[in-house]
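Under UniProt numbering, the first residue of the sequence shown is numbered 1, with each subsequent residue one higher.
By construction, the Cβ of each residue, glycine as well, lies at the ideal position given by its N, Cα and C atoms.
The model shown is predicted, which means the values in this text are computed figures rather than measured ones.
Data first, discussion second: the structure below is written as C-alpha cells.
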Amino acid sequence: MFFQPLAARLRFYAVVPTAEWVGRMVKAGADTVQLRNKDLTGEDLYREIERSVALCQGTATQLFINDYWQEAIRAGAYGVHLGQEDMDSADLQAIADAGLRLGISTHSVAELDRALSVRPSYVASGAVFPTTTKKMPTEPQGLENLRRYVEQAGETPVVAIGGIDLTNAEAVLATGVSSLAVVRAVTEAENPEAVVKAFQSLFD
C-alpha cells in the first residue's frame, strides 16, 4: 500500500469545525486545513465536506477531512485524516486507490510504528502539551518525545498537535517537525487571520 506524497509542505495546519471556518482559513492563506466536524451526519455532513473542497479548489491550501473517508473520496478531497481506531475500520486501499493523501494520528512509539507500516503521507503526533479540545488517551507527550518521534518517522513528515500556540510554537518547531497543527489558537482567537499570518511567518 502506498499513499500519495504531499504536493507541498504542510507547514501551518488549522483544524476547524465548519466549511465557513475552512473558507476563512483559505482567505487567510493557511497552508493546510482539516475539517473536523463532529455535529453533522448524512447528506448534511457530505454537503459540508463538498463545500469545504470547493472552497479550497484553485488555492494553495491543502484540505484534509477528519474521519469521514468515504465522503472525502466522494467529494474529491485532497486528503483524509484518521485516528488509530479508524485504521481498523477504514478501507485504506480504497483511500489509496482514489489518490487521496492520508494522515494518521499517533500518541506513542507503538502507534507511530503502526501508522508508518501503511506508508501514510504524514503522521500527527501529540498531544504535545495539555489540551482541552478533546479527551486524550495519553498524557501530554512533551518536546523530548516529539523529537524522538521525528527521528522514528524518518522521511515521513510529522505534524505536531495539542496545546500549541504562538508562545511555544518555536520550541515545537525546533524538534524538527514539518508542521504545527492548531485548533483553539485559531478558533478562539480575537483575530484568527492575524494568528494564521503570525504562525506562517515562523516558516518563512
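Please name the residue or residues paired with VAL15 in a DSSP beta bridge. Along the sequence shown, one-based indexing puts residue 15 at 15. Beta-bridge pairing links VAL15 to GLN34.
Taking Cβ positions, are VAL26 and LEU35 nearer each other than 8 angstroms? For the purposes of this step, residue 26 is taken as the residue at position 26 of the sequence shown. For the purposes of this step, residue 35 is taken as the residue at position 35 of the sequence shown. Contact flag unset, no.
Where PRO157 falls, given that 16 or more other Cβ within 10 Å makes a residue buried: Here residue 157 refers to the residue found at position 157 when the sequence shown is read from its first residue. Buried.
Tell me, please, which residues DSSP counts as bridged to THR106. As a position in the sequence shown, residue 106 is number 106, starting the count at 1. In the DSSP output, where bridge partners are listed per residue, THR106 has SER125.
Going by the CB atoms, is the gap between ALA19 and SER52 shorter than 8 angstroms? Working through the sequence shown from its first residue, we reach residue 52 at position 52. Working through the sequence shown from its first residue, we reach residue 19 at position 19. Taking 8 angstroms as the Cβ cut-off, SER52 and ALA19 qualify as a contacting pair.
Kindly indicate which residue of HIS81, ALA72, THR132 has the alpha-carbon position closest to the one of THR106. In the sequence shown, the residue the question calls residue 106 occupies position 106. Of HIS81, ALA72, THR132, the residue nearest in Cα terms is HIS81.
Same chain, Cβ closer than 6 angstroms to SER179, neighbours up to 5 away in sequence not counted: For the purposes of this step, residue 179 is taken as the residue at position 179 of the sequence shown. So the list reads LEU10, ARG11, TYR13, VAL159, once near-sequence residues are dropped.
Candidates GLY154, THR59, THR131, THR41: which alpha carbon is nearest VAL33's? Walking along the sequence shown from the start, residue 33 turns up at place 33. Checked all of GLY154, THR59, THR131, THR41; the closest Cα to VAL33 is THR59.
How is ILE164 classed by DSSP in three states: helix, strand or coil? The count along the sequence shown starts at 1 and reaches residue 164 at position 164. Three-state result, ILE164: coil.
Spatially closest choice to TYR68 from GLN57, CYS56, THR41, by CA coordinates: The residue labelled residue 68 in the question sits at position 68 within the sequence shown. Considering only alpha carbons, the answer is THR41.
Tell whether a beta-carbon distance below 8 angstroms holds between VAL177 and LEU146. Counting from 1 along the sequence shown, the entry for residue 177 is found at position 177. Counting from 1 along the sequence shown, the entry for residue 146 is found at position 146. Contact flag set, yes.
Per DSSP, which residues does ASN66 bridge with? Please list them. For this step, residue 66 is matched to residue 66 along the sequence shown. Answer is HIS81, bridged to ASN66.
According to DSSP, is VAL118 helix, strand or coil? Your numbering for residue 118 matches position 118 in the sequence shown. Note: VAL118 maps to coil in three-state DSSP.
Kindly indicate which three-state DSSP category ALA169 falls into: helix, strand or coil? Locating residue 169 in the sequence shown gives position 169, where the first residue counts as 1. Helix, per DSSP.
What's the call for PRO5, buried or exposed, on a 16-neighbour Cβ count within 10 Å? In the sequence shown, residue 5 corresponds to position 5, counting from 1. When all chains shown are included, PRO5 counts as exposed.
Our contact map puts PHE129 next to GLY83 with C-beta atoms below 8 angstroms; I'd like the distance itself, whole angstroms only. Mapped onto the sequence shown, residue 129 falls at position 129. Mapped onto the sequence shown, residue 83 falls at position 83. Going by Cβ atoms, the distance from PHE129 to GLY83 rounds to 19 angstroms, so no, they are not a contact pair.
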